[in-house]
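Protein sequence lines correspond, in order, to chains H and R. Plus 6 on top of the position in the first sequence (first one is 1) and you've got the numbering used here. Plus 9 on top of the position in the second sequence (first one is 1) and you've got the numbering used here. Every residue gets a Cβ at the ideal spot worked out from N, C-alpha and C, and that includes glycine. Below is one structure; the comments refer to it alone.
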Amino acid sequence: MAAYTINVNGEDQKVEVDPDTPILWVLRDHLQMIGTKFGCGIAQCGACTIHANGNAIRSCSLPISAVGDMKLTTIEGLSKEKDHPIQEAWLAHDVPQCGYCQAGQMMSAAALLNRNPSPTDEEISSAMNGNICRCGTYIRIHAAIKTASQKLS
Amino acid sequence: MTVIKTRINRRSFLKVSAASGGGMLLGFSWLASCDPKEQQDVKEPPKEWFDINAFIKIGDNGDITIFSPNPEIGQNVKTSMPLIVAEELDVDWKDVTVQQADLNTVKYKRQLAGGSQSIRQGWKSLRMAGATARKMLLEAAAKQWKVEVSQLSTDKGRIIYRDQSLSYGEIAAAAAQLEIPEEVALKDRKDFKLIGTRVKNVDGSKIVHGEPLFGLDYQAENMLIAMIVHPPAFGMKLRSFDHSSIKSMAGIRDVIQINTAPEKVQWSDVNAFPDLIAIVGETTWQVMKAKKALTATWENMTPLESSTEHDEKLTNALAGKANIMRKDGDPDKVFKNASRIIEKTYSAPFLGHNPMEPMNFFADVTADKAILVGPIQTPEFLRSSAADLLGLSEDQVIVKMTRMGGGFGRRLYGHFGLEAAKISQQLNQPIKLIYSREDDMTQGTYRPAYKVTYKAALGENNELLGMKVKGAGLPGSPLFPNRYPAGTIDHFMIESVDVGTNISTGAWRAPRSNFIAGAEQSFLDELAEAMEKDPIDFRLELFDRAIKNPVGKDNNYDAERYAGVLKLVKEKSNWGTKTPGIHRGVSAYFCHNSYVAQVLDMEKTGDRLRIKKVWCAVDCGIVVNLEGAENQIQGGIIDGIGHAMYSNIQFKDGKPLQENFNSYRLIRHAEAPLEIETFFVDNGIDPTGLGEPSLPPIVAALSNAMYQATGHRYYNQPFALAEQGNSIKIG
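Here you go:
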């Protein structure tokens, strides 16, 4: 066990955990931030996607010992007023079916638009290829990213 | 919505009129046992709520709460079932808050997610719940105004009499005192205001903002985390384990053995591994680490099976004796006299369900009570099996349903709920059981593996004389003997062989149909080609036979509605026109009482294949929520393409070789079709299934388009498997 201070959604959080504890479980079990989901545990499905310094990462495979002063953002912190263009577009396109993977999908999409506000179809497909949606909502995800992109640019 | 004319034949008319509610008076007894609903908190509650019936409570400020009876698994019933109630109640949807109902099958009857049945079975009772409540509100208002009910009307949660009106909230107290009417008139379809419109998912906002909804998100005081360790191979059981290896690890509280087999086994108790090791600790990561460190020994119970042997067993079964499930005419004779016989064999492997939310359940079991909370498609069955296992009575077991992160049939089988209950009982401790992805993918309950051979006998003039179909399953049969093309061919035979296995299997989205539709519709494509016919015209000729002069009496489909969707997709996709670089495949299938026809357009650029568009015609009767309906159709198509292309569970010495998404492939964003356009037939028939029917046919629309694009026929799933020698890549 070791003590860590990590920055999540703009706030410093102190936790005492084993150094190899993935951020996913720090968020879910220690900080009670359950918006970030567990899907595979091996960075293959993207359900646990969060931002580290604005980049999409898989929180199931990032141990707390590697976080240092990274600024982490989770689905709970994606927007203060619950109005991130990605969230609004997801609602407008009624994207979710079961909804379980969607936090990870949205975090990947938001990171894409952070670095590239007007992605091409190919760029969207490539950036979103690490996030599995078992219900098959990919077409609506794609359309929602285009809508959010238009709003941003 | 697209309208096509579908002449309703006498048989389907009788079926329809018996089930139709448009303007009819319906006898009414199902609410007799309705007991008062306990008050539940909602956001900004009104001062007082009035329980009108099991589905509806109305606040004094006009707020409406509608209880959604069935488990929500992503099929969107939490939106569409209350929407049906709201339609007949005649309220503004924005005034409605939806709550998941508790498990109470006295009040709500069938509370189960499976078989695309929620809307089909709920249609009448949901409408009656809304309509009786509306009638009680009208009666109360008529009394207050001292006028006749017939002089009143309703709109958006208000009762109107000439120039006066009052809200449902103002009259709810009086209405709640009235007797439940014995008869009630349902709306005419032309008066629908909500049904058939686009309504957004009621949990949409919670989902996109990461609020707790799912079983895995459930928290309770003093709750510990539990994980299980099951045998590594089918055919094995636990011999012993060594707690000393992990007992001293940080956060680990206990390591125990549990037996989870209920005495009275129900259909939902499929489980290859009832004897398990359970590890309980403070946090998930600590328990995961202990699970990896645990040492256990296992022993063989039954022979350990491998995929090569599975394939041989299926092949041998098809070569041997089988049960005849249907026989028309004299197929042996026409095959003997045939000028040409076309014979093709199709296969598909075991599949995992792999819902994105791994199996999990919360349990808090004490001496006289069990509280079980989590994602379950069959809460009623979990309750009775849990009562049996725990030695409690059913009314001592409370099962609460959370939103499910997918299911696809996996959560029909609630062994994980029983495991959670048993761990909690044995340790006298509230726990949340969590499966790792590996636990889930290697636990079983797979879609069975299938193989089927289609044979057609052609005559001198290339005419179809007869057909023989022989299928085998590990276990079960993939065949439905009385579905199309039964009824269209004079000499016809269906045979099945059930091949035993110790791999546990269960229902997987559109059971049997998910395999047989692809095989049948691929074969018809190849047959049409051999007969030098257009694949749609060939199918329509067969339907024409079934409409005019069906073979046999027991044909489980309506040939006109079937032909209707095929004609619709033909027209919408401009079938017959050629676009350079685009290769097309067609398919049609009927299951869950719905008819679906699809055309898939595949683009080939060099070696790269891309699914440009899927055209999909659907006859599922009345569409309740167009937004959700289109989403289900799209999901089924993408799911079907993905599993046919990529997914596969194989075995070596009883051990599943695929354990996680690095070796088990699911379809990804770049591989999905670029566009899916859906056309619903508008025929006013009561709604039929929608969660499953778009999946089965797409397998053949895909393989038929792939044939056009590559020149290779694809017989064995997954199509992208390199061993087929025709390795292809989509995306």
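Going by C-alpha to C-alpha distance, which of the options sits closest to residue i?
i	options	result
residue 533 of chain R	R:324, R:149 and R:352	R:352
residue 266 of chain R	R:255, R:296 and R:287	R:287
residue 382 of chain R	R:365, R:409, R:315 and R:375	R:409
residue 593 of chain R	R:714, R:213, R:262 and R:707	R:714
residue 116 of chain H	H:36, H:74, H:30 and H:79	H:79
residue 197 of chain R	R:350, R:730 and R:695	R:695
residue 742 of chain R	R:494, R:537 and R:425	Because chain R spans 10 through 740 in this model, residue 742 of chain R falls outside it and cannot be assessed.
residue 679 of chain R	H:155, H:29, H:151 and H:130	H:130
residue 585 of chain R	R:603, R:545 and R:622	R:545
residue 597 of chain R	R:354, R:628 and R:676	R:628
residue 139 of chain H	R:89, R:675 and R:224	R:675
residue 411 of chain R	R:290, R:127 and R:223	R:223
residue 507 of chain R	R:63, R:152, R:333 and R:149	R:333
residue 86 of chain H	R:560, R:340 and R:218	R:218
residue 743 of chain R	R:503, R:513 and R:509	This structure leaves residue 743 of chain R out entirely; chain R is present only between 10 and 740.
residue 563 of chain R	R:635, R:725, R:539 and R:335	R:335
residue 158 of chain R	R:132, R:194, R:128 and R:129	R:194
residue 142 of chain H	R:212, R:264, R:134 and R:700	R:700
residue 183 of chain R	R:492, R:137 and R:150	R:150
residue 415 of chain R	R:205, R:724 and R:644	R:644
residue 392 of chain R	R:424, R:361 and R:364	R:424
Can you tell me where the alpha helix (DSSP H) holding residue i begins and where it ends?
i	result
residue 93 of chain H	91-98
residue 654 of chain R	635-655
residue 112 of chain H	108-121
residue 341 of chain R	340-345
Just curious, the beta strand (DSSP E) that residue i is in, first and last residue?
i	result
residue 466 of chain R	458-467
residue 9 of chain H	8-14
residue 410 of chain R	406-410
residue 507 of chain R	500-507
residue 57 of chain H	55-58
residue 486 of chain R	First-last for residue 486 of chain R: undefined, no H or E at that position.
residue 59 of chain R	58-62
Which whole-angstrom value describes the C-beta separation of residue i and residue j, a residue pair presumed to lie in contact below a C-beta threshold of 8 Å?
i	j	result
residue 139 of chain R	residue 70 of chain R	Between residue 70 of chain R and residue 139 of chain R the Cβ distance is about 20 Å, and since that is not below 8 Å, they are no contact.
residue 72 of chain R	residue 106 of chain R	7 Å
residue 372 of chain R	residue 429 of chain R	4 Å
residue 458 of chain R	residue 323 of chain R	7 Å
residue 56 of chain H	residue 23 of chain H	Actually they do not touch by this definition, with Cβ atoms about 17 Å apart.
residue 12 of chain H	residue 19 of chain H	6 Å
residue 450 of chain R	residue 673 of chain R	6 Å
residue 51 of chain H	residue 670 of chain R	5 Å
Measure the alpha-carbon distance for residue i versus residue j and round it to whole angstroms.
i	j	result
residue 716 of chain R	residue 438 of chain R	58 Å
residue 36 of chain R	residue 189 of chain R	For residue 36 of chain R, the predicted model reports a pLDDT of 28, less than 50, meaning its position is unreliable; a value from the coordinates is still stated below. Going by the C-alpha atoms only, they are around 12 Å apart.
residue 50 of chain R	residue 729 of chain R	With a pLDDT of 42 at residue 50 of chain R, under the threshold of 50, the predicted position of this residue should be treated as unreliable, and no value is reported.
residue 397 of chain R	residue 441 of chain R	20 Å
residue 220 of chain R	residue 444 of chain R	21 Å
residue 230 of chain R	residue 380 of chain R	13 Å
residue 81 of chain R	residue 91 of chain H	27 Å
residue 591 of chain R	residue 614 of chain R	9 Å
residue 350 of chain R	residue 704 of chain R	30 Å
residue 100 of chain R	residue 155 of chain R	23 Å
residue 299 of chain R	residue 257 of chain R	10 Å
residue 453 of chain R	residue 98 of chain R	44 Å
residue 367 of chain R	residue 107 of chain H	12 Å
residue 35 of chain H	residue 254 of chain R	24 Å
residue 191 of chain R	residue 431 of chain R	45 Å
residue 31 of chain H	residue 8 of chain H	15 Å
residue 738 of chain R	residue 618 of chain R	6 Å
residue 395 of chain R	residue 387 of chain R	12 Å
residue 291 of chain R	residue 235 of chain R	9 Å
residue 376 of chain R	residue 519 of chain R	40 Å
residue 54 of chain H	residue 111 of chain H	9 Å
residue 41 of chain R	residue 167 of chain R	Summary for residue 41 of chain R: the model assigns pLDDT 28, below 50, so the residue's position carries little reliability; its value from the coordinates is reported in the next sentence. If I take the Cα positions, the gap works out to 27 Å.
residue 104 of chain H	residue 262 of chain R	34 Å
residue 241 of chain R	residue 108 of chain R	41 Å
Legend entry - Unbroken stretches of the beta strand (DSSP E), 3 residues or longer, contained in the segment 209-282 of chain R: 233-238, 245-251 and 261-268
Inset, instruction - Output, in sequence order along the chain, the residues in the segment 217-242 of chain R whose CB is closer than 8 Å to any CB in chain B. - result: No chain B is present in this structure, whose protein chains are H and R.
Legend entry - Minimum length 3: unbroken beta strand (DSSP E) runs contained in the segment 508-552 of chain R: none
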